[in-house]
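Engineer: Chains as they are written, first to last, in the working numbering: chain A, 434 to 662; chain B, -19 to 314. Structure provided below as structure tokens; questions to follow.
Pasting the structure below:
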């Protein structure tokens, strides 16, 4: 995991992504004090993670295993590393990166918008919104790494993850879990940030993403533990 | 004691390709075992199964007396693996890579650091130790792979085609190293070229189209391949020489090939005498002799063919072999 994090830190794609996110936060925070209300500004900032920055998450996570398909057997799994250790380290390092960046950008921005922005923000609403978007990103990252174990080609894993993520509305409708639809959640963010929500619904969303993430990770681990290298 | 034992080891990929078919392999402790076969014979598949990188379709693998599985890290901790054309993390240099492998094996820093430095020196990569691995030549990459396979001071070395892509100097270095390491470790080394590794091996296993057709001591193997075949590289009136051979009483079978003649002597120990007579004829024919080549490799091919023809005699033999399932020794190993 440590080696993977060092490798990610050296990646220019990751650095550029971090820079763009920081730039967006720098632009968003002052806007909350003038032409935009604080809930809309913070909702807009949070919404970019599942809608726009998801593309960077997919790019950085879909190659976690598939891009190393030759190296992993020669240099890692032929040594004293179990399949579980390897795949869990891959998922963990991606989650640390994604959640680390997410919190690094949103926590200071949320504080500044709440402190200086125009309009009411509920503290609990901010916590719920950050938690739910964070869990959504956990699911997306897990999904990307899982597909990276299924496919030997990074591009296929990338397109697969992208397809599943952008068809999430249809998929959630198919399984009758519309409350997990990313678009519906993003639409509800301004209201949630103002405290206009039902706590049980928020718990349900959080639990739904957690269950989906654990399921995806379990499938990935199970598949990878039996995969021929 | 056997370090590696496989029982009826079979690997079929996606129900489409039989890569290995009922191999019963035994590698005794302290030996150098050569796994030989042409490309696609199943050598790499066998090695990947031995390391738990792949799971067998049928049969099992035991290493150090325990069953090898994808998660048997305690067994792999005692193995040093060198893959064919090894691939390393691109953004690392040799020092970082060896340190990384050492950490994976859980070797403490005060042991790991001096050991990696000693290994880099031993494989002659000190001057390239700061270079990114992707910039290393094939020979340097193999030498780094050799160092990585030794970082955990393993009891068993598994080297897959260690001489592949190397120049003659690199091949010699690798063969000499196998000979040296073989004095204290058990080694399984694969190659598609028997001549490359034969002189350093105690045991040989021959794979052909996924079937282990021979497994046993080198002496037993050479008994079959010692047919006294050589090739004379000539220039001049080769046809004239052939005409003389045709009528001479020398006990040799011969074939005219390209710029030379291929000779096959009987196995009764008269080769030196008969060869001296042939050379006398070469001299008399006024032909220039440039070189004498051993035809050991061709003999191995002939050996494989002979065994396969022998095996093709009937299903009863196959059924008998299945019943014998345990242990492999001598011809008809599979």
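By construction, the Cβ of each residue, glycine as well, lies at the ideal position given by its N, Cα and C atoms.
Given this structure, state the Cα-to-Cα distance separating residue 100 of chain B from residue 74 of chain B, to the nearest angstrom.
Structural biologist: Their Cα atoms are separated by approximately 8 angstroms.
Engineer: With the cut-off set at 9 angstroms, would you say residue 583 of chain A and residue 596 of chain A are in Cβ contact?
Structural biologist: No, the Cβ-Cβ distance between residue 583 of chain A and residue 596 of chain A is not below 9 angstroms.
Engineer: What residues from chain B crowd round residue 661 of chain A, counting only those whose CB sits closer than 7 angstroms?
Structural biologist: Residues of chain B passing the Cβ test: 34, 35.
Engineer: On the DSSP letters alone, give me the boundaries of the alpha helix (DSSP H) that residue 195 of chain B sits inside.
Structural biologist: Counting along the chain, residue 195 of chain B falls outside any alpha helix (DSSP H), though it belongs to the beta strand (DSSP E) covering 191 to 197.
Engineer: Taking the alpha carbon of residue 493 of chain A as the point to measure from, which residue in A:476, A:570, A:459, A:599 has its own alpha carbon closest?
Structural biologist: Nearest option by C-alpha distance: A:570.
Engineer: Taking DSSP's pairing of strands, which residues face residue 185 of chain B in a bridge?
Structural biologist: B:15, B:195, per the DSSP bridge assignment.
Engineer: Assuming residue 242 of chain B and residue 211 of chain B make a contact with CB atoms under 8 angstroms, what is their CB distance in whole Å?
Structural biologist: Right, the Cβ-Cβ distance comes to about 5 angstroms (below 8 angstroms), so this counts as a contact.
Engineer: Per DSSP, what kind of secondary structure is residue 631 of chain A in: helix, strand or coil?
Structural biologist: Note: residue 631 of chain A maps to coil in three-state DSSP.
Engineer: Sort B:-1, B:109, B:143 by Cα distance to residue 79 of chain B and report the nearest one.
Structural biologist: Ranking B:-1, B:109, B:143 by Cα distance to residue 79 of chain B puts B:109 first.
Engineer: Against residue 61 of chain B, what residues of chain A qualify as contacts under a CB-to-CB distance less than 9 angstroms, listed in chain order?
Structural biologist: Simply 507, 511, 512.
Engineer: Among B:250, B:169, B:254, B:114, which one has its Cα closest to the Cα of residue 7 of chain B?
Structural biologist: Measuring from the Cα of residue 7 of chain B, the nearest candidate turns out to be B:169.
Engineer: Taking 9 angstroms as the threshold (beta carbon to beta carbon), is residue 66 of chain B in contact with chain A?
Structural biologist: Chain A contact via Cβ: present.
Engineer: Can you check whether the C-beta of residue 503 of chain A is within less than 9 angstroms of a C-beta belonging to chain B?
Structural biologist: Closer than 9 angstroms to some Cβ of chain B, the Cβ of residue 503 of chain A qualifies, so yes.
Engineer: Would residue 581 of chain A pass as an interface residue toward chain B - the criterion being a Cβ-Cβ separation below 9 angstroms?
Structural biologist: For residue 581 of chain A, the answer is no, since every Cβ of chain B falls outside 9 angstroms of its Cβ.
Engineer: Am I right that residue 454 of chain A and residue 534 of chain A are in contact with their C-beta atoms under 8 angstroms? What's the rounded C-beta distance?
Structural biologist: Residue 454 of chain A to residue 534 of chain A, Cβ: 6 angstroms. Contact.
Engineer: Verify the CB distance criterion: does residue 38 of chain B have a CB-CB separation below 9 angstroms to chain A?
Structural biologist: Taking Cβ atoms only, chain A never reaches closer than 9 angstroms to residue 38 of chain B, which makes this a no.
Engineer: May I ask which residues mark the beginning and end of the beta strand (DSSP E) holding residue 242 of chain B?
Structural biologist: From DSSP, the beta strand (DSSP E) with residue 242 of chain B extends over 240 to 245.
Engineer: Which runs of the alpha helix (DSSP H), 4 residues or longer, sit entirely within the region 584 to 644 of chain A?
Structural biologist: Runs of the alpha helix (DSSP H) inside the region 584 to 644 of chain A: 587 to 599, 601 to 607, 615 to 620, 622 to 626.
Engineer: Measure the beta-carbon distance from residue 136 of chain B to residue 166 of chain B and round it to whole angstroms, keeping in mind my assumption that it falls under 8 angstroms.
Structural biologist: The pair is a contact, with the Cβ atoms about 5 angstroms apart (cut-off 8 angstroms).
Engineer: Suppose you measure from the CA of residue 271 of chain B to the CA of residue 183 of chain B; what does that come to, to the nearest Å?
Structural biologist: Cα-Cα distance, rounded: 30 angstroms.
Engineer: Report the neighbours of residue 481 of chain A on chain B: residues whose CB is nearer than 9 angstroms to its CB, in chain order.
Structural biologist: Within 9 angstroms Cβ-Cβ: nothing; residue 481 of chain A doesn't reach chain B, min ~30 angstroms.
Engineer: Mind pulling the chain A residues with CB within less than 8 angstroms of residue 51 of chain B?
Structural biologist: Chain A residues near residue 51 of chain B: 515, 516, 517, 658.
Engineer: Just curious, the beta strand (DSSP E) that residue -17 of chain B is in, first and last residue?
Structural biologist: It spans -18 to -7 - the beta strand (DSSP E) in which residue -17 of chain B sits, taken as one unbroken run.
Engineer: Would you kindly report the start and end of the unbroken alpha helix (DSSP H) that includes residue 509 of chain A?
Structural biologist: Unbroken run through residue 509 of chain A: none, as it is neither H nor E.
Engineer: Residue 436 of chain A versus chain B: which residues are under 7 angstroms apart at the beta carbon?
Structural biologist: Within 7 angstroms Cβ-Cβ: 80.
Engineer: Measuring CA to CA, which of B:198, B:60, B:185, B:121 is closest to residue 317 of chain B?
Structural biologist: Lying before the first or after the last residue shown, residue 317 of chain B is absent from chain B, which here runs from -19 to 314.
Engineer: Can you list the residues of chain B that residue 494 of chain A reaches, using a CB-CB cut of under 9 angstroms?
Structural biologist: Here the premise fails: no neighbours, minimum Cβ distance about 18 angstroms.
Engineer: Which term fits residue 536 of chain A, buried or exposed, when burial requires 16 or more other beta carbons within 10 angstroms of its beta carbon?
Structural biologist: With fewer than 16 other Cβ atoms within 10 Å, it is exposed.
Engineer: Would you check if the distance between the CB atom of residue 484 of chain A and the CB atom of residue 458 of chain A is smaller than 9 angstroms?
Structural biologist: Not closer than 9 angstroms, so no.
Engineer: So residue 192 of chain B packs on residue 4 of chain B, CB below 8 angstroms; how close in whole Å?
Structural biologist: Confirmed, about 7 angstroms.
Engineer: When the Cα of residue 25 of chain B is compared with those of B:230, B:188, B:162, which residue comes out closest?
Structural biologist: Ranking B:230, B:188, B:162 by Cα distance to residue 25 of chain B puts B:188 first.
Engineer: Would the region 211 to 230 of chain B and the region 261 to 268 of chain B be scored as touching if the rule is three or more Cβ pairs under 8 angstroms?
Structural biologist: Output reads yes: the region 261 to 268 of chain B touches the region 211 to 230 of chain B.
Engineer: For a cutoff of 9 angstroms on Cβ pairs, would you count residue 440 of chain A as touching chain B?
Structural biologist: Output row for residue 440 of chain A: interface = yes.
Engineer: By Cβ distance below 8 angstroms, which residues in the same chain neighbour residue 21 of chain B in space, the five residues on each side in sequence not counted?
Structural biologist: If we look at residue 21 of chain B and ignore the five residues flanking it on each side, its Cβ neighbours are 172, 187, 188, 189, 190.
Engineer: Residue 38 of chain B: buried (16+ other C-beta within 10 angstroms of its C-beta) or exposed?
Structural biologist: It is exposed - the Cβ of residue 38 of chain B has fewer than 16 other Cβ atoms within 10 Å.
Engineer: For the putative contact between residue 523 of chain A and residue 578 of chain A, defined by C-beta atoms under 8 angstroms, what is the C-beta separation to the nearest angstrom?
Structural biologist: Their Cβ separation, rounded to whole angstroms, is 6 angstroms, which keeps residue 523 of chain A and residue 578 of chain A in contact under 8 angstroms.
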